[in-house]
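> In case it helps, the UniProt record's numbering puts the sequence shown at residues 1 to 763.
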Amino acid sequence: MLKWVGAVRFSGVNSNIAVIQLGRPIEGSFAVVQPPPPSGGAEWRIESSTEGWRVVREGVEIFWFSVNEETRPITFRQKLELGDKVYGFGEKYARLNRRYKRFNMWNVDQPYNQPSGDPTYASIPLYIVFSAKRCFGVYFDYAGYIGFDTDIERVGEVNVKVDSEGVRVYVLWGETIKDVVASIYSLFGRFTLPPKWALGYHQCRYSYMSQEEVLKVASTIRSRGIPCDAIWLDIDYMDGYADFTWCVDRFPSPKRMIEELHTMGFRLVTIVDVGLPRREGYHPYHLLAEADGFMEDENGEPFLGVVWPGVCVFPDFVRSEVRARWARLISDWLAQGVDGVWLDMNEPSIFLQVAKASRELKRLCEHSANTEQPALTLRSLPRLSTVGLDKTERMVPIDAIHTNDSGERVAHSVIHNAYSLLEAWATHDGFKLLNPEGRWFILTRAGFPGIQRYAALWTGDNQADWGQLEMSVPQLLTLSMCGLPFVGADVGGFGDDADPELMIRWTQLGAFYPFFRNHSSRYSNRREPWVFGEAYERCIRDAVKLRYRFLPQLYALFKRAAEGGEPVIRPLVYEFPEDEATWDIDSEFLVGSNLLVAPVTQPGLRARAVYLPSGSKWLDYWSHRVHSGGGWVLADAPLERIPIFIRENTGVVVSEAQHINTQNSKPVIEAYVEAEARVELYDDDGSTLAYKRGEYFQLDAHFVKHENTLSIITKKLNTGYKPSYTSVGIRLLGREAIENLNLGTIPVEAQTFEYTLNVDIDG
């Protein structure tokens, strides 16, 4: 229970989490769906003084803050120390350490991820303070506007302005960043394992314009031996850009197209925009209108905004009845064989507020010296330049009205950042309505904490630019630390033209993104792997194959993220907080705890400096050379290769599969052992929730090396699922010869440097 301490209310929730209530008490939360579980009896308290408050845990001060609740916005100021690093805030276009920055939390359609482009599509009002002396996170549980200033306006402080009369603030303590991130994952709710195919390579473009083109792209991918699991359709598959429709002129037989894609081993993902055209005879509009299911303006009429289809209304996802009706639309759409849903324009983004359209129409007419206003002008607005429009006209106004299940009218200003979360929830319910036991795949552009329970998130409309390739790493690492493990950026860049070297290097990096999609605009050059010529195609194909090589390892990491709250990709500081050199490094990253990936993010380079964290040796995955940690090495990086290193006494599980449907190929455990290592293989059916009931396969491989003898003991930890393969390979990495090799208690012949053994798992 929250207790008053001076002008604030405070409570310790469990050993690692406490809550501060500022201003008027706020009920309910979009992000925190259930109270964090109690664990242990650590004593939290808050101490007031004339200067502010001290948050204390077990007698140790965590941080000092002051607050002004008497005016709106509420102002929260938290002291920083000289050595503090500040991580967090989600997908912002900034380095990993985000001290000395300003960020605005207000979801907007912010194209091209420019360095000055803030706010962005997703808002994560969370930061982590880390130093050699302390580590904690602070989350502001509010879906309206919040402004953050990290040590600019006021030196030595995080200055936070919350546009509300009240906000609940969560304090997340940990000995290390790992502890804080685990609390973040627990607080926002874990995600469910996606279908295995969603971890593969995805091919997309704005737009594949016809059924014929879609099938041609799919067949070309297969004929050229490029692994791929999904083809995506942007808005041009629709009839007049209206959701849940097909343009029959260009897609005359969607059912046959989907069947052919499935026969070739592809899944189909289609875009769904949030604005529904206000058209007579359009079923989705009438279905929601029957429930008065749209956001309203200040006069109680449906709010109207111009988007791709023309004049649109916007579902009021705050109401459960509206979410249920949207779920029916999604379920009916999926029933024809569509496999995944791509939620776009869901900040929500509009081109123009219809209430202000007369002014714009007048401007357009004056510009064209036409005194008449043609009837189709409104429908044409999406194709007209909106340069010069006030940006506020391209947003749903803050005084638009939602209605909750109690009948209370709520301003959009306090819902805005969570709107996409509510849409993703309703879309998820549509998948469950069709197939309660099936997994789902949803991708969203806009987001808020909690979105990971329903959807993957990508960073929006980036550009084919080396700087944006480089900045995608800290963007995704930060999202991962903020509780969103399934994230990615458009490989190759969405806008502008990509050259072949950029495309190769981005595909190599994308192979290690949690979400791996090639996507580009119709106004840029084509990005399919073969368009740059045979020599470059080979490099791109090999990069995609690298994704599938490591897919069994990635899948196991997704399982751990779902159940244990561990990010799939991690900054070096996450695993090596005692190594101060790692604290600012964001040009390389870890996949899991042991696979270090160092992408090339500048043109013309054929080698790059890589920092190898201290406390461990590291093996170059390609050359098998071993390096000591705690320093920089120059890694070879020819155009066809991305530098990868494996941590001493660890291993990975790899495969030679070409797409998910061929995952019956035998997995191989690769281990670099100097003393002792454990490697786990995880597998399940890849499509249902049966794994939650124990229907999965898990194998432990235990390696023990003593002098020149290596023993390997394998043990099946769980056999609730029977894989299609009957044996597992074991490959030992390194250049040091082993004289004696034992598989269990049975000696086997030792070769030189590399050993490949088979373990029978069918017995």
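All residues carry an ideal CB built from backbone N, CA and C; glycine is no exception.
Report, in whole angstroms, the separation of the C-beta atoms of Asp461 and Pro119, which I expect to be a contact under 8 Å.
Here the question's residue 461 lines up with position 461 in the sequence shown. Here the question's residue 119 lines up with position 119 in the sequence shown. With 8 Å as the limit, Asp461 and Pro119 do not qualify as a contact, their Cβ atoms being about 14 Å apart.
> Bridge partners for Asn68 per DSSP, in chain order?
To locate residue 68, count along the sequence shown from 1; it is residue 68. Partner(s): Thr75.
> Is there contact here, the segment 309-328 with the segment 74-93, by at least three beta-carbon pairs under 8 Å?
No, because fewer than three Cβ pairs between the segment 309-328 and the segment 74-93 fall closer than 8 Å, the two stretches do not touch.
> Return the residue from the list Gln475, Ala18, Ile221 and Pro194 that minimises the CA-CA distance to Ser123.
Residue numbering aside, residue 123 sits at position 123 when the sequence shown is read from its first letter. Ranking Gln475, Ala18, Ile221 and Pro194 by Cα distance to Ser123 puts Gln475 first.
> So, Ala562 versus Phe30, is the Cβ gap smaller than 7 Å?
To locate residue 562, count along the sequence shown from 1; it is residue 562. To locate residue 30, count along the sequence shown from 1; it is residue 30. Not in contact: Ala562 and Phe30 (Cβ atoms no closer than 7 Å).
> Return helix, strand or coil for Cys228, following the three-state DSSP convention.
By one-based count along the sequence shown, residue 228 stands at place 228. Correct three-state label for Cys228: coil.
> Whole angstroms are fine: how far does the CA of Glu260 sit from the CA of Trp232?
To locate residue 232, count along the sequence shown from 1; it is residue 232. To locate residue 260, count along the sequence shown from 1; it is residue 260. For Trp232 and Glu260, the distance between alpha carbons rounds to 14 Å.
> Do Asp496 and Ser524 have their C-beta atoms within less than 7 Å of each other?
As a first step, residue 496 must be located in the sequence shown, where it is residue number 496. As a first step, residue 524 must be located in the sequence shown, where it is residue number 524. Closer than 7 Å, so yes.
> Just to confirm the assignment, what range does the alpha helix (DSSP H) spanning Cys135 have?
The sequence position of residue 135 within the sequence shown is 135, counting from 1. Segment Cys135 to Asp141 is the beta strand (DSSP E) holding Cys135; no alpha helix (DSSP H) there.
> Among Met471, Val759 and Val544, which has the Cα closest to the Cα of Gly744?
Position 744 of the sequence shown holds residue 744. The option with the nearest alpha carbon to Gly744 is Val759.
> With a cut-off of 7 Å, does the C-beta of Pro514 fall near any C-beta of chain B?
Included in the structure is just one protein chain, with no chain B present.
> My output table needs one value for Ala411: the three-state DSSP class, helix, strand or coil.
Here residue 411 refers to the residue found at position 411 of the sequence shown. Correct three-state label for Ala411: strand.
> Under a Cβ-count criterion, where at least 16 other Cβ atoms within 10 Å of its own Cβ denotes burial, should Ile184 be classed as buried or exposed?
Residue mapping note: residue 184 aligns to position 184 of the sequence shown, counting from 1. Label assigned to Ile184: buried.
> Can you give the Cα-Cα distance for Trp106 and Val568, rounded to whole angstroms?
In the sequence shown, counting from the first residue as 1, residue 106 sits at position 106. In the sequence shown, counting from the first residue as 1, residue 568 sits at position 568. Answer to the nearest angstrom: the Cα atoms are 27 Å apart.
> Buried or exposed for Asn594, going by 16 or more other Cβ atoms inside 10 Å?
Sequence index remark: in the sequence shown, residue 594 carries index 594 (1-based). Its Cβ being crowded by 16 or more others within 10 Å, Asn594 is buried.
> Less than 7 Å between the C-beta atoms of Arg731 and His702, yes or no?
Counting from one through the sequence shown, the residue named residue 731 turns up at place 731. Counting from one through the sequence shown, the residue named residue 702 turns up at place 702. For Arg731 and His702, no; Cβs fall outside 7 Å.
> Should the segment 267-278 be regarded as contacting the segment 329-344, the criterion being three or more beta carbon pairs within less than 8 Å?
Taking 8 Å as the limit for Cβ pairs, the verdict is that the segment 329-344 does touch the segment 267-278.
> Out of curiosity, what's the CA-to-CA distance linking Arg95 and Gly510?
Looking up residue 95 in the sequence shown gives position 95. Looking up residue 510 in the sequence shown gives position 510. When rounded, the distance between both Cα atoms is 18 Å.
> Is there contact between the segment 598-617 and the segment 546-558, where contact requires at least three CB pairs shorter than 8 Å?
No contact exists between the segment 598-617 and the segment 546-558.
> Can you name the start and end residues of the alpha helix (DSSP H) that Phe558 belongs to?
As a working mapping, residue 558 is identified with position 558 in the sequence shown. Looking at the DSSP string, the run of the alpha helix (DSSP H) that includes Phe558 is Leu551 to Gly564.
> Shortest alpha-carbon distance to Asp249 belongs to which of Met238, Lys255 and Asp243?
Working through the sequence shown from its first residue, we reach residue 249 at position 249. Cα-wise, what sits closest to Asp249 is Met238.
> Are at least three pairs of beta-carbons, each pair with one atom in the segment 450-464 and one in the segment 131-141, less than 8 Å apart?
Counting Cβ pairs under 8 Å, fewer than three are found: no touch.
> Which whole-angstrom value is the C-beta distance of Leu22 and Val33, which I expect to be below 8 Å?
The residue you call residue 22 lines up with position 22 of the sequence shown. The residue you call residue 33 lines up with position 33 of the sequence shown. Contact doesn't hold; Cβ gap of about 21 Å is too wide.
> Can you find at least 3 beta carbon pairs, one from the segment 193-213 and one from the segment 301-316, that sit closer than 8 Å?
Result no; under three Cβ-Cβ pairs closer than 8 Å.
> Would you mind sorting Glu91 into buried or exposed? The rule is 16 or more other CB atoms within 10 Å of its CB.
Numbered from 1 along the sequence shown, position 91 holds the residue referred to as residue 91. The residue in question, Glu91, is buried, as its Cβ has 16 or more Cβ neighbours within 10 Å.
> What's the C-alpha gap between Ala230 and His202?
Position 230 of the sequence shown, counted from the start, is the residue given in the question as residue 230. Position 202 of the sequence shown, counted from the start, is the residue given in the question as residue 202. Answer to the nearest angstrom: the Cα atoms are 5 Å apart.
> Can you name, in chain order, every residue of its own chain whose Cβ lies under 6 Å from the Cβ of Ala456, other than the five neighbours on each side?
Position 456 of the sequence shown, counted from the start, is the residue given in the question as residue 456. Excluding positions up to five away in sequence, the list reads Leu443, Phe486 and Phe515.
> In whole angstroms, what separates the C-alpha of Pro309 from that of Phe351?
The residue you call residue 309 lines up with position 309 of the sequence shown. The residue you call residue 351 lines up with position 351 of the sequence shown. Pro309 and Phe351: Cα-Cα distance of roughly 11 Å.
> Thinking C-beta only, is Ser687 closer than 7 Å to Pro195?
By 1-based counting over the sequence shown, the position of residue 195 is 195. By 1-based counting over the sequence shown, the position of residue 687 is 687. Going by C-beta atoms, Pro195 is nearer than 7 Å to Ser687.
> Identify the continuous beta strand (DSSP E) that holds Ser48 and give its terminal residues.
Looking up residue 48 in the sequence shown gives position 48. Per DSSP, Ser48 belongs to the beta strand (DSSP E) from Trp44 to Ser48.
> Could you give the first and the last residue of the continuous beta strand (DSSP E) run that contains Ser711?
Within the sequence shown, numbered from 1, the residue matching residue 711 stands at position 711. Here the beta strand (DSSP E) through Ser711 covers Thr709 to Thr719.
> Pairing CB atoms from the segment 324-331 with CB atoms from the segment 423-443, are three or more of them under 8 Å?
Yes, they touch.
> What span of residues does the alpha helix (DSSP H) with Arg98 cover, start to end?
Looking up residue 98 in the sequence shown gives position 98. No alpha helix (DSSP H) holds Arg98; DSSP gives it neither H nor E.
> Compute the beta-carbon to beta-carbon distance between Thr150 and Lys216, rounded to the nearest angstrom, for a pair I have assumed lies under 8 Å.
As a first step, residue 150 must be located in the sequence shown, where it is residue number 150. As a first step, residue 216 must be located in the sequence shown, where it is residue number 216. Not quite, the Cβ-Cβ distance comes to about 50 Å (not below 8 Å), so this is no contact.
> Use the C-beta contact count for Trp632: other C-beta atoms within 10 angstroms, 16 or more gives buried, fewer gives exposed.
Against the sequence shown, residue 632 aligns to sequence position 632. It counts as exposed.
> According to the Cβ coordinates, are Arg541 and Ile221 closer than 7 Å?
For the purposes of this step, residue 541 is taken as the residue at position 541 of the sequence shown. For the purposes of this step, residue 221 is taken as the residue at position 221 of the sequence shown. No. Outside cutoff.
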